[in-house]
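**Q** Before we start, here is the structure in question, set down as structure tokens.
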Amino acid sequence: MHLEEARLIDLEDVSKTFRTPGGEVHALDHVSLRVEPGEIFGIVGQSGAGKSTLIRTVNALEKPDSGTVTVDGAVISQLKGKELREARRRAGMIFQHFNLLSSRTAQANVELALEIAGTGRSERRHRATEILELVGLSDRAGAYPAQLSGGQKQRVGIARALADNPRVLLSDEATSALDPETTRSVLDLIRRLSRELGLTVLLITHEMDVIKRICDSAALMEHGRILEHGPMDELLTTPGSRLAAELFQLGELPDSRGTTIIDVTFTKQTSSEPVIARLAREQGLDVAILGAAMETIHDGTQTGRTRLEIPAATGDQVEAALTYLRSQGLFVEVVR
Ligand SMILES: Nc1ncnc2c1ncn2[C@@H]1O[C@H](COP(=O)(O)OP(=O)(O)OP(=O)(O)O)[C@@H](O)[C@H]1O
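Terminal number for the sequence shown in the UniProt record's numbering: 336, no gaps in between.
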């Protein structure tokens, strides 16, 4: 792969401090992050973690105090004037509250993005029609935002963001104002567009479900720092991963009763149920399922965690059970 292509979104040692009456706030504290071409990368974290500041450095709405931000080969954090405006066109952005102009139809909202980019009138019309079709809104092109549902408004937002053919889509809590079903359909649309157009997507969210549903990779942010990041499969099988535990919550541990408790993580390739049944049968163990958190992800496969309790048994029996589960390709952590 060409070197520049491999650096589609690349933050290197980026810091940003705000001086407020209450003191200094380190919104970004030496953040380094790389998003691979074509992947959907989610950043999750509590309010105030620094997510918005991070995404704002990627479309140059915020200038870092130090470090570099590269987008599609351009070091966006160092550009000015015309060059900066040009580079900004490489990334489209969607927002929680859609940010559509209420006085313009869906079609005219999409065309506005192209007008600003200097595209001619007939080309604007053609492109807006094309992209509205791609997001499934052809029949609503003449509707005003007030006549559209939340999901439809976000589809217009997506069409507007992609009208100028950017290679990167930035999403700032794009589904936070939508109900769960609409959220799923908008996320699925983003996933489809990412695959069809080869789009790289960087999204920020405080919702773990968003990460589970569409992300290839994710990062956990806290106090301006990235605590963990990586491909989802790797995160889920990292011992002690906070992100994995938060993504697939298994609840509190029961009171100690001399048993062994293990968390079994299964990713795409396998489902845990038949394996657990076989474990009970073949090893003669009366295994109890204490909790399970599963998600059917975008490609229809299941990912999740199961918490098992193995009855008071000899060390050898527990060891044999762990060996068996691991031999089935499952990731196993002894919790207690
Ligand atoms: N322009 C600003 N001036 C002063 N402080 C700011 C500014 N922008 C952000 N901050 C502070 O920087 C920290 C990170 O804010 P940021 O908005 O990036 O977090 P966030 O994770 O996106 O949270 P939220 O989801 O609530 O927006 C917060 O403490 C915030 O108050």
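Glycine residues also receive a C-beta, built at the ideal position from the N, C-alpha and C atoms.
From a predicted model like this one, the values you see are computed outputs, not experimental measurements.
Can you say whether residue 296 is buried or exposed, counting buried as having 16 or more other CB atoms within 10 angstroms of its CB?
**A** Counted from its first residue, the sequence shown places residue 296 at position 296. Residue 296 should be labelled exposed.
**Q** DSSP puts residue 26 in a beta bridge; with which residues?
**A** Numbered from its first residue, the sequence shown carries residue 26 at position 26. DSSP, once it has assigned bridges, lists 17 as partnering residue 26.
**Q** Could you tell me whether the region 198-210 touches the region 36-47, using the rule of 3 or more Cβ pairs below 8 angstroms?
**A** These segments touch.
**Q** Just to check my reading of the structure: residue 265 and residue 227 have Cβ atoms closer than 8 angstroms, yes? What is that Cβ distance to the nearest angstrom?
**A** The residue given as residue 265 occupies position 265 in the sequence shown. The residue given as residue 227 occupies position 227 in the sequence shown. At roughly 19 angstroms, the Cβ-Cβ gap does not stay under 8 angstroms, so residue 265 and residue 227 are not in contact.
**Q** Is residue 25 near ligand 1, going by C-beta to nearest heavy atom under 7 angstroms?
**A** Counting from 1 along the sequence shown, the entry for residue 25 is found at position 25. Checking the Cβ of residue 25 against ligand 1 gives yes.
**Q** I want to know whether the region 9-29 touches the region 180-197 - three or more CB-CB distances under 8 angstroms.
**A** No, because fewer than three Cβ pairs between the region 9-29 and the region 180-197 fall closer than 8 angstroms, the two stretches do not touch.
**Q** Assess contact between the region 88-102 and the region 153-170, defined as three or more Cβ pairs (one per stretch) separated by less than 8 angstroms. Is contact present?
**A** Yes, they touch.
**Q** Whose C-beta lies closer than 7 angstroms to the C-beta of residue 143 among residues of the same chain, with five residues either side of it excluded?
**A** Working through the sequence shown from its first residue, we reach residue 143 at position 143. Taken in chain order, the residues that qualify are 105, 106.
**Q** Look at the Cβ atom of residue 128, then the Cβ atom of residue 156, and state whether they are nearer than 8 angstroms.
**A** Along the sequence shown, read from residue 1 onward, the residue named residue 128 stands at position 128. Along the sequence shown, read from residue 1 onward, the residue named residue 156 stands at position 156. No, the Cβ-Cβ distance between residue 128 and residue 156 is not below 8 angstroms.
**Q** Rounded C-beta distance between residue 267 and residue 233? I'm assuming under 8 angstroms.
**A** To locate residue 267, count along the sequence shown from 1; it is residue 267. To locate residue 233, count along the sequence shown from 1; it is residue 233. Going by Cβ atoms, the distance from residue 267 to residue 233 rounds to 5 angstroms, so yes, they are a contact pair.
**Q** Can you tell me which of 194, 136, 166, 150 puts its alpha carbon nearest to the alpha carbon of residue 179?
**A** Residue numbering aside, residue 179 sits at position 179 when the sequence shown is read from its first letter. Of the listed residues, the one whose Cα sits closest to residue 179 is 150.
**Q** Which residues share a DSSP beta bridge with residue 70?
**A** As a position in the sequence shown, residue 70 is number 70, starting the count at 1. DSSP output for residue 70 lists 10, 75 as bridge partner(s).
**Q** For a minimum of 3 consecutive residues, which ranges assigned as the beta strand (DSSP E) are wholly contained in the region 241-282?
**A** Here the runs fully enclosed are 260-266.
**Q** Where in the region 90-164 do unbroken runs of the alpha helix (DSSP H), each at least 4 residues long, occur, reported from the N-terminal end onward?
**A** Segments of the alpha helix (DSSP H) lying fully in the region 90-164: 106-116, 121-134, 150-162.
**Q** Can you tell me which of the three DSSP states residue 52 falls into?
**A** The residue labelled residue 52 in the question sits at position 52 within the sequence shown. Here residue 52 sits in helix by DSSP.
**Q** Can you tell which of 328, 231, 119, 60 has its C-alpha closest to the C-alpha of residue 91?
**A** On the sequence shown, residue 91 is found 91 positions in, with the first residue counted as 1. Ranking the options by Cα distance to residue 91, first place goes to 60.
**Q** When the Cα atoms are used, what is the spatial distance from residue 49 to residue 229?
**A** The residue you call residue 49 lines up with position 49 of the sequence shown. The residue you call residue 229 lines up with position 229 of the sequence shown. Taking the straight line from one Cα to the other gives about 15 angstroms.
**Q** Cβ-heavy atom distance between residue 63 and ligand 1 below 7 angstroms?
**A** Along the sequence shown, one-based indexing puts residue 63 at 63. Result no, Cβ not under 7 angstroms from ligand 1.
**Q** By DSSP, does residue 293 sit in helix, in strand, or in coil?
**A** Counted from its first residue, the sequence shown places residue 293 at position 293. Correct three-state label for residue 293: strand.
**Q** Using 10 angstroms around the beta-carbon of residue 224, count the other beta-carbons present and answer buried if the total reaches 16, otherwise exposed.
**A** What you label residue 224 is simply residue 224 of the sequence shown in a count that begins at 1. Buried, by the Cβ-count rule.
**Q** Is any non-hydrogen atom of ligand 1 found closer than 7 angstroms to the C-beta of residue 143, if you look at the structure I gave you?
**A** In the sequence shown, counting from the first residue as 1, residue 143 sits at position 143. No, Cβ of residue 143 sits at least 7 angstroms from all heavy atoms of ligand 1.
**Q** So, is residue 275 buried or exposed, given that buried needs 16 or more other C-beta atoms within 10 angstroms?
**A** Residue mapping note: residue 275 aligns to position 275 of the sequence shown, counting from 1. So residue 275 ends up on the buried side.
**Q** For residue 205, report the span of its alpha helix (DSSP H) as first-last.
**A** Position 205 of the sequence shown, counting from 1, holds the residue named residue 205. That residue, residue 205, is in no alpha helix (DSSP H); its beta strand (DSSP E) goes 200-205.
**Q** Just to confirm my understanding: we take residue 12, look at its own chain, exclude 5 residues before and 5 after, and list those with CB closer than 7 angstroms. What are they?
**A** One-based indexing of the sequence shown puts residue 12 at position 12. Same-chain partners within the cutoff: 32, 67, 68.
**Q** Can you have a look at residue 5 and say buried or exposed, based on whether 16 or more other CB atoms are within 10 angstroms of its CB?
**A** Counting from 1 along the sequence shown, the entry for residue 5 is found at position 5. With a pLDDT of 48 at residue 5, under the threshold of 50, the predicted position of this residue should be treated as unreliable, though the coordinate-derived value follows. Exposed: under 16 other Cβ atoms inside 10 Å.
**Q** Across which residues does DSSP place residue 302 in a beta bridge pair?
**A** Reading the sequence shown from its first residue, position 302 is the one you call residue 302. Its beta-bridge partners are 296.
**Q** Can the beta-carbon of residue 283 be found closer than 8 angstroms to that of residue 249?
**A** Your numbering for residue 283 matches position 283 in the sequence shown. Your numbering for residue 249 matches position 249 in the sequence shown. Contact flag unset, no.
**Q** Is residue 72 near residue 167, with beta carbons less than 8 angstroms apart?
**A** Locating residue 72 in the sequence shown gives position 72, counting from the first residue. Locating residue 167 in the sequence shown gives position 167, counting from the first residue. A contact, by the Cβ cut-off of 8 angstroms.
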